[in-house]
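Participant: Submitted below is the structure of interest, expressed as structure tokens.
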Amino acid sequence: MSVLSTLKNWFRKGGASLGMIKSLTLVTDDRRIAMDPGEYTRINVAKKYYSDDFRPIEFINSYGDKRMRKYESVNVTKLAARRLASIIFNERCKVEIGDDEKANELLESVFLDNEFYLTFEEYLEKWIALGSGAIRPYVQGDKIKLAWITADQFYPLHVNTNEVKEAAIASKTTVVENDKNVYYTLLEFHEWQDGNYVITNELYRSDSADSVGVQVPLSSIEEYADTQETATLTGLVKPLFAFFKTPGANNKMLESPLGLGLIDNARSTVDAINRTHDEFIWDVRSGKRRIVVPKSWLKRPNANSRRRDTETHPPMFDPDETVYQAMYGDDSDIGFHDMSVAIRVEQYSSTMEFFLHEFENEIGLSQGTFTQSASGIQTATEVVSNNSMTYQTRSSYLTMVEKTIAQLVDAILELAQCGELFSDGKARWTGDVQNVNINIDFNDGVFIDQDAQLKNDLQALQASALPIKQFLMRNYSLDEATADEWVQQLEEEKASSEPAPSGEVGLFGGADDGNRTDVGESGQDS
1 MSVLSTLKNW FRKGGASLGM IKSLTLVTDD RRIAMDPGEY TRINVAKKYY
51 SDDFRPIEFI NSYGDKRMRK YESVNVTKLA ARRLASIIFN ERCKVEIGDD
101 EKANELLESV FLDNEFYLTF EEYLEKWIAL GSGAIRPYVQ GDKIKLAWIT
151 ADQFYPLHVN TNEVKEAAIA SKTTVVENDK NVYYTLLEFH EWQDGNYVIT
201 NELYRSDSAD SVGVQVPLSS IEEYADTQET ATLTGLVKPL FAFFKTPGAN
251 NKMLESPLGL GLIDNARSTV DAINRTHDEF IWDVRSGKRR IVVPKSWLKR
301 PNANSRRRDT ETHPPMFDPD ETVYQAMYGD DSDIGFHDMS VAIRVEQYSS
351 TMEFFLHEFE NEIGLSQGTF TQSASGIQTA TEVVSNNSMT YQTRSSYLTM
401 VEKTIAQLVD AILELAQCGE LFSDGKARWT GDVQNVNINI DFNDGVFIDQ
451 DAQLKNDLQA LQASALPIKQ FLMRNYSLDE ATADEWVQQL EEEKASSEPA
501 PSGEVGLFGG ADDGNRTDVG ESGQDS
């Protein structure tokens, strides 16, 4: 950093102390943000659990000395968030816009460039763990990119509201200046002013990671040198971000629009799981076999002697042996004593099982997600009950995910209409965002038994209770146009076949002459 830049920073610090230059300790100190700082303290705690970031354990050894050791936790927050994300969303999901080919092409291009279907599941896991998240589309190099935002970066401007339409997004960058870490925070405000959509960018600099710092010009670092301080967009009706929150009410702060993370109502149970696992690992280590023997039994050879066969007491044990431990005293009194401590496997296993069952109930997953009964067998009633519990939890999350994806599609289309954001000044799409028909197929086949569905649908088809077209779409993952082609081909093949003897009826209601049309083979031919 130049001397001039250093002097400018000194003046800014002095100006901030006098109130002449804007300075923030926390992002929530900005008057435009109505959120309680306690919400972000809660989110940071959830982030520590998700990151498995725990302090070492301090203990006192047998000699009365203070010692430190690693806390042997089990990252059940990560396991649960990963499990939920995988059953809620997968890369086979499909998002389409009905009756608008150009919008579909644009959406497909944006999702492909940003690896949306892979990245969404990854960030959904983080959002579930922390309670909230967001996606913000932006234009870079004439392409629409997606910025993924976690709960600790997203600050709604208003509380006690069902819809988050205005927000601030914080992005932190660490830069080395004069051999010291300096922390820059970009605050990006999205606000509605007189019917216009206004984006305001503010950059803050701090020598401490715990403080936002004083406001500095955007050109202070190269990353934001070309960023405008203010951008006003007209004609928009939807915000340029999509917000996600976990289902259910926020019982920690009733007015907050943010969702709750996995540990917010299960922290004591997670602590019990971690403590049980930590103590068991320590029990295994402490339960190492120990045999006390007289010190003379472990007498070392003379280090100055070159011939061990002339030693009075040559070593009699394997040099890697750790079982035997020497004890001072009269050899005749000490003798041979096994000091091993039994490892309490059964007690710790049952304790861990108990707390894991509690955790499964608290987060809405079926019994047996992280545990297994001794027999490994469940009754039919248990299976139905457990599937119902997981299905209900998944359905609640799907509602929120569907809402987020719909908001993202709206934001992408709104952005595509802003021709001033592209180098040629031309919009990439024009239309009415409010009348767009968004179709989201979550491909429930990952959650549903496909074989059972095929069997049931075949029976319904034979009973004329299910149309052929719906049968093909449900069981062969066909879109409507392809299903129509298959149906037409089946009808043509059926029409060209010879009539069957009286009384014999084919699978699809036509005559069956022994050359019955097979749905799977027909699909391959098409």
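Numbering (full-length UniProt numbering), first residue to last: 1 to 526. Here a beta-carbon is modelled for each residue, glycine too, at the ideal position from N, C-alpha and C.
(1) My output table needs one value for H158: the three-state DSSP class, helix, strand or coil.
(2) As an exercise, report each continuous alpha helix (DSSP H) stretch of at least 4 residues that is fully enclosed by the region 53 to 113, in chain order.
(3) By the three-class DSSP mapping on this structure, what secondary structure does I440 have?
(4) Could you tell me the boundaries of the beta strand (DSSP E) in which E177 lies?
(5) Which residues in the same chain as Q407 place their Cβ atom closer than 6 Å to its Cβ, once the five residues preceding and following it in sequence are excluded?
(6) Alpha carbons only, please: which of G419, L186, V216 is nearest the one belonging to K22?
(7) Starting from N274, trace the alpha helix (DSSP H) both ways and give me its first and last residue.
(8) How should L472 be labelled, buried or exposed, when 16 other C-beta atoms within 10 angstroms of its C-beta is the threshold for buried?
(9) Thinking C-alpha only, which one of A452, E414, N250 is nearest Q434?
(10) Out of W148, A342, G368, L262, point me to the one whose CA is closest to L240's CA.
(11) Roughly how many angstroms lie between the CA atoms of V110 and Q462, to the nearest whole one?
(12) Under 8 Å, do Y224 and L203 count as touching if we go by C-beta distance?
(13) Identify the continuous beta strand (DSSP E) that holds N181 and give its terminal residues.
(14) For M68, count neighbouring Cβ atoms within 10 angstroms of its own Cβ and tell me buried if that reaches 16, exposed if not.
(15) To the nearest angstrom, report how far apart Q453 and A460 are at their CA atoms.
(16) Cα-Cα, which of V198, E255, L254 is closest to G235?
(17) DSSP three-state label for L146, please.
(18) Below 8 Å between beta carbons: does that hold for T77 and A34?
(19) Check P217 in the structure and name its three-state DSSP category.
(20) Have a look at E72, E39, S388, N162 and flag the residue whose alpha-carbon is nearest the alpha-carbon of K403.
(21) Quick one: measure Cβ to Cβ for R92 and N443, integer angstroms, because I've assumed they're closer than 8 Å.
(22) Here's a check: name, in chain order, each residue in its chain whose Cβ is nearer than 6 Å to the Cβ of E358, leaving out the five neighbours to either side.
(23) Using CA atoms only, rank isn't needed, just tell me which of D210, R42, V401, D100 is closest to T174.
(24) Can you tell me which residues form a DSSP beta bridge with A134?
(25) A170 and T185 look like a contact to me (Cβ under 8 Å); what is the Cβ gap, rounded to whole Å?
Facilitator: According to the structure shown:
(1) Position 158 of the sequence shown holds residue 158. Three-state result, H158: coil.
(2) 76 to 88, 101 to 113
(3) Taking the sequence shown and counting its residues from 1, the one referred to as residue 440 is at position 440. Strand at I440.
(4) Here residue 177 refers to the residue found at position 177 of the sequence shown. E177 -> beta strand (DSSP E) spans 167 to 177.
(5) For this step, residue 407 is matched to residue 407 along the sequence shown. The residues are A242.
(6) The residue given as residue 22 occupies position 22 in the sequence shown. The residue with the shortest Cα to Cα distance from K22 is V216.
(7) The residue labelled residue 274 in the question sits at position 274 within the sequence shown. Run containing N274: 267 to 286, per the alpha helix (DSSP H) assignment.
(8) Residue 472 sits at position 472 when you count from the first residue of the sequence shown. L472 is buried by the Cβ-count criterion.
(9) Here residue 434 corresponds to residue number 434 of the sequence shown, with the count starting at 1. Nearest C-alpha to Q434: E414.
(10) In the sequence shown, the residue the question calls residue 240 occupies position 240. For the residues W148, A342, G368, L262, the minimum Cα distance to L240 belongs to W148.
(11) Position 110 of the sequence shown, counted from the start, is the residue given in the question as residue 110. Position 462 of the sequence shown, counted from the start, is the residue given in the question as residue 462. Each residue's Cα considered, the two are about 42 Å apart.
(12) For this step, residue 224 is matched to residue 224 along the sequence shown. For this step, residue 203 is matched to residue 203 along the sequence shown. Yes, they are a contact pair.
(13) In the sequence shown, the residue the question calls residue 181 occupies position 181. Where N181 is concerned, the enclosing beta strand (DSSP E) stretches over 180 to 193.
(14) Counting from 1 along the sequence shown, the entry for residue 68 is found at position 68. That one is exposed.
(15) Reading the sequence shown from its first residue, position 453 is the one you call residue 453. Reading the sequence shown from its first residue, position 460 is the one you call residue 460. Cα to Cα, Q453 sits roughly 10 Å from A460.
(16) For the purposes of this step, residue 235 is taken as the residue at position 235 of the sequence shown. The shortest C-alpha separation from G235 is found at V198.
(17) Stepping through the sequence shown from its first residue, residue 146 is reached at position 146. Here L146 sits in strand by DSSP.
(18) Locating residue 77 in the sequence shown gives position 77, where the first residue counts as 1. Locating residue 34 in the sequence shown gives position 34, where the first residue counts as 1. Against a cut-off of 8 Å, the Cβ pair of A34 and T77 comes out as no contact.
(19) In the sequence shown, counting from the first residue as 1, residue 217 sits at position 217. Three-state result, P217: coil.
(20) As a first step, residue 403 must be located in the sequence shown, where it is residue number 403. Of the candidates E72, E39, S388, N162, the one whose C-alpha sits nearest the C-alpha of K403 is N162.
(21) Taking the first residue of the sequence shown as 1, we reach residue 92 at position 92. Taking the first residue of the sequence shown as 1, we reach residue 443 at position 443. With 8 Å as the limit, R92 and N443 qualify as a contact, their Cβ atoms being about 4 Å apart.
(22) One-based indexing of the sequence shown puts residue 358 at position 358. Taken in chain order, the residues that qualify are T269.
(23) Walking along the sequence shown from the start, residue 174 turns up at place 174. Here the closest residue by C-alpha is D210.
(24) As a first step, residue 134 is located in the sequence shown; it is residue number 134 there, counting from the start. I149, F243, per the DSSP bridge assignment.
(25) Taking the sequence shown and counting its residues from 1, the one referred to as residue 170 is at position 170. Taking the sequence shown and counting its residues from 1, the one referred to as residue 185 is at position 185. Yes, A170 and T185 are in contact; Cβ-Cβ is about 6 Å, under 8 Å.
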